[in-house]
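Enquirer:
2 protein chains.
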Amino acid sequence: MTRRQRLEEREENILDAAHAVFAENGFDGAKMAAIARHADVAEGTVYLYFKNKNALLEAVIARFYARLTEGAQRGVTGTDGTFERLNFLARYHVEQCMAEWHILELMIGLYRRMQDYEDRGYTFNKAYVAVFDQVFREGVARGELRGEVPLSIARDAFYGALEYSVRTMMLRGGGKTRARRAASRAIDLFCHGVSAHNAQAEVSGDIEAVTRRLEAVARKLEKRR
Amino acid sequence: MTRRQRLEEREENILDAAHAVFAENGFDGAKMAAIARHADVAEGTVYLYFKNKNALLEAVIARFYARLTEGAQRGVTGTDGTFERLNFLARYHVEQCMAEWHILELMIGLYRRMQDYEDRGYTFNKAYVAVFDQVFREGVARGELRGEVPLSIARDAFYGALEYSVRTMMLRGGGKTRARRAASRAIDLFCHGVSAHNAQAEVSGDIEAVTRRLEAVARKLEKRR
DNA sequence: AATATAAATGAGTGACATTCATTTTTTATT
DNA sequence: AATAAAAAATGAATGTCACTCATTTATATT
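Protein chains in written order, with the working numbering: chain X, 348 to 572; chain W, 348 to 572.
#1: Please name the residue in W:Asp427, W:Ala383, W:Arg514, W:Gln352 whose C-alpha comes closest to that of asparagine 399 of chain W.
#2: Quick check on alanine 548 of chain X - is its C-beta less than 8 Å from some C-beta in chain W?
#3: Considering only the beta carbon of each residue, do valine 513 of chain W and arginine 432 of chain W sit closer than 8 Å?
#4: Can you say whether alanine 446 of chain X is buried or exposed, counting buried as having 16 or more other CB atoms within 10 angstroms of its CB?
#5: Name, going along the chain, the residues of the region 534-545 of chain W whose beta-carbon falls closer than 7 Å to a beta-carbon of chain X.
#6: Note down the Cα distance separating glutamine 352 of chain W from glutamate 417 of chain W, rounded to an integer number of angstroms.
#7: On the CB-based measure, 16 or more other CB atoms within 10 Å of its CB, does glutamate 359 of chain W come out buried or exposed?
#8: Around the Cβ of leucine 354 of chain X, are there at least 16 other Cβ atoms within 10 angstroms (buried) or fewer (exposed)?
#9: What residue range is occupied by the uninterrupted alpha helix (DSSP H) comprising leucine 509 of chain W?
#10: At which residues does the alpha helix (DSSP H) containing leucine 404 of chain W begin and terminate?
#11: Mind reading off the beta-carbon distance from valine 636 of chain W to alanine 377 of chain W? Whole number of angstroms is fine, and I expect it under 8 Å.
#12: Hey, is isoleucine 500 of chain X's beta-carbon within less than 8 Å of any beta-carbon in chain W?
#13: Determine the direct distance from the alpha carbon of leucine 436 of chain W to that of tyrosine 475 of chain W, and round the result to whole angstroms.
#14: Can you grab the Cα-Cα spacing for the pair tyrosine 495 of chain W / alanine 504 of chain X, in whole Å?
#15: Here's the rule: buried if 16 or more other CB atoms are within 10 angstroms of the residue's CB, otherwise exposed. What is glutamate 371 of chain W?
#16: Are tyrosine 639 of chain X and phenylalanine 471 of chain X close, meaning C-beta to C-beta below 8 Å?
#17: Following the continuous alpha helix (DSSP H) through alanine 383 of chain W, name the residue where it begins and the one where it ends.
#18: Taking all protein chains shown into account, do 16 or more other C-beta atoms lie within 10 angstroms of the C-beta of alanine 488 of chain W, making it buried, or fewer, making it exposed?
#19: Between methionine 348 of chain X and chain W, is the shortest Cβ-Cβ distance under 8 Å, so that the two count as touching?
#20: So is leucine 492 of chain W in contact with chain X if we call contact Cβ pairs under 8 Å?
#21: Within 8 Å (strictly less), CB to CB, does glutamate 390 of chain X reach chain W?
#22: Out of W:Ala380, W:Ala406, W:Phe537, W:Phe430, which has the shortest C-alpha to C-alpha gap to arginine 502 of chain W?
#23: In angstroms with no decimal places, state the Cα-to-Cα distance between glutamate 405 of chain W and valine 393 of chain W.
#24: Just to confirm, are arginine 525 of chain X and methionine 517 of chain X a CB contact at a threshold of 8 Å?
#25: Could you tell me whether any Cβ in chain X is nearer than 8 Å to the Cβ of arginine 532 of chain W?
#26: Out of curiosity, what's the CA-to-CA distance linking glycine 425 of chain W and alanine 419 of chain W?
#27: Among W:Ala409, W:Met348, W:Trp448, which residue has its Cα nearest to the Cα of glycine 521 of chain W?
#28: Note down, in chain order, every chain W residue with its Cβ under 7 Å from the Cβ of aspartate 503 of chain X.
#29: Give the C-beta separation of alanine 508 of chain W and alanine 364 of chain X to the nearest angstrom, bearing in mind that I take them to be a contact with Cβ-Cβ under 8 Å.
#30: If the criterion is Cβ atoms closer than 8 Å, does the pair alanine 381 of chain X and arginine 438 of chain X meet it?
#31: Out of X:Gly490, X:Arg484, X:Glu491, which one is the CA nearest neighbour of proline 497 of chain X?
#32: Between threonine 429 of chain W and arginine 527 of chain W, what straight-line distance do the alpha-carbon atoms span, to the nearest angstrom?
#33: Compute the Euclidean distance between the alpha carbons of tyrosine 396 of chain W and glutamate 390 of chain W, then round it to the nearest angstrom.
#34: DSSP puts leucine 492 of chain X in a beta bridge; with which residues?
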């Protein structure tokens, strides 16, 4: 076994230990001594591999994200149709986050402690949401999604809604079935909105007239397809 | 001045001090010694009023929420129409959260540290979102909102999307104007969804939404020519 | 085998949250 | 007003950890 391999194996061991101890005890509750013990390593050794407790947590979360991203990408590739893909992404996200709820909690707490969001914590997130971005852009290109919705707004709405749903779910102690249903409903809402179709706001000025005229043009345009 | 008043004033002082020091330094960076100094009180005295650092943060956040709730309730009462109210709530939420971004960050971190969500941390949140719930229920009753969307899903989507938007905004360093626009777009999405099938500009005087829709139609026209 | 370099160790340090024996202030009683 | 009793306030002392660093141990190079 080469030196390089030995070092990498140790790093893995430490990460595994940290993952377990963090998940069990939360960030503050996790003692570096416990992590070192779990990894069969002296306390000082941990600091040879990771600058401090925060960096350790970051590494654990980065690994989590890498796996998450891989799974999302694979799933999307194996699914056809924009809405099916969105649905898959939502279910997948909810399932994974529920399964690794402790890690998710740690992640939420991490943001607060990081001074330099952009450089580090934001990057693993980026690779993950890129999967969504790709699906969304393709949906727009196919004319299935409204192109005038800014991507960043759509992305925030998608993941923001799901994350809150997961939180609610975990607090209420729902199982996988409930989670799946919640994800499904969240997607329905994401796609079609809350507005009832027949509802029309009252008309009280010039702008409304313009709007209705515009909608008439838009409808004609759609029919001509 | 009665005894009761003296004690309450001190508690207020300590809360003010804690608010300032937490906002400035974050949770870990805030030293109890500094908070005590700020409040003109001995270190031990703080512990006569609050069990520990966490309880202190909780109290600060509870006060923040109480004010937030009051403002939201007042604004909703002074606004007519479901969509106008949703729009107000979104803008208000985004503005307040951006103004007190530090507190929001602390709050996010708080969840992680609390063992007993339901009993404490979740309660102040509850009073706040009740304002949204009321607007939503009324919207359904009036036939303006789709009644088949579960309230908890709608609520999570609403606040989840906004919170992510605020976070994105803060990371990118946007100002009040950008925040307002983001809130507006988030609401448009919340109301009408991403699906192109039932795309429709909000008929409520939102010139931005109308403009965006117009541009979308124009783009389609160009392509088809 | 001798030397140089890289890794690992764990006792020690410092920073802080929290406690508690003591002091000060307030209230009640005569 | 004087005294006792109770309530508040104090800050030095304590304990817990994250993190460091002088030594020791393992590995590579000659």
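Beta carbons: idealized from backbone N, C-alpha and C, even for Gly.
Keep in mind that this is a model prediction, so the values were computed, not measured.
Expert: Working from what's here:
#1: W:Ala383
#2: Legend: pLDDT at alanine 548 of chain X = 37, less than 50; position of this residue unreliable, value from coordinates given subsequently. By this cut-off, alanine 548 of chain X is an interface position.
#3: no
#4: exposed
#5: Leu536, Phe537, Cys538, His539, Gly540, Val541, Ser542, Ala543, Asn545
#6: 24 Å
#7: exposed
#8: exposed
#9: 498-519
#10: 400-424
#11: Summary: the structure shown does not reach residue 636 of chain W, with chain W confined to residues 348 through 572, and so no result is reported for it.
#12: yes
#13: 11 Å
#14: Position check: residue 495 of chain W holds glutamate in this sequence, whereas tyrosine was assumed. Their Cα atoms are separated by approximately 20 Å.
#15: exposed
#16: Nothing about residue 639 of chain X can be reported from this structure: the residues present for chain X run from 348 to 572 only.
#17: 379-385
#18: exposed
#19: no
#20: yes
#21: no
#22: W:Phe537
#23: 14 Å
#24: no
#25: yes
#26: 10 Å
#27: W:Trp448
#28: Ala508, Tyr511, Ser512, Thr515
#29: With a Cβ gap of about 37 Å, alanine 508 of chain W and alanine 364 of chain X do not count as contacting.
#30: no
#31: X:Arg484
#32: 19 Å
#33: 11 Å
#34: W:Ser542
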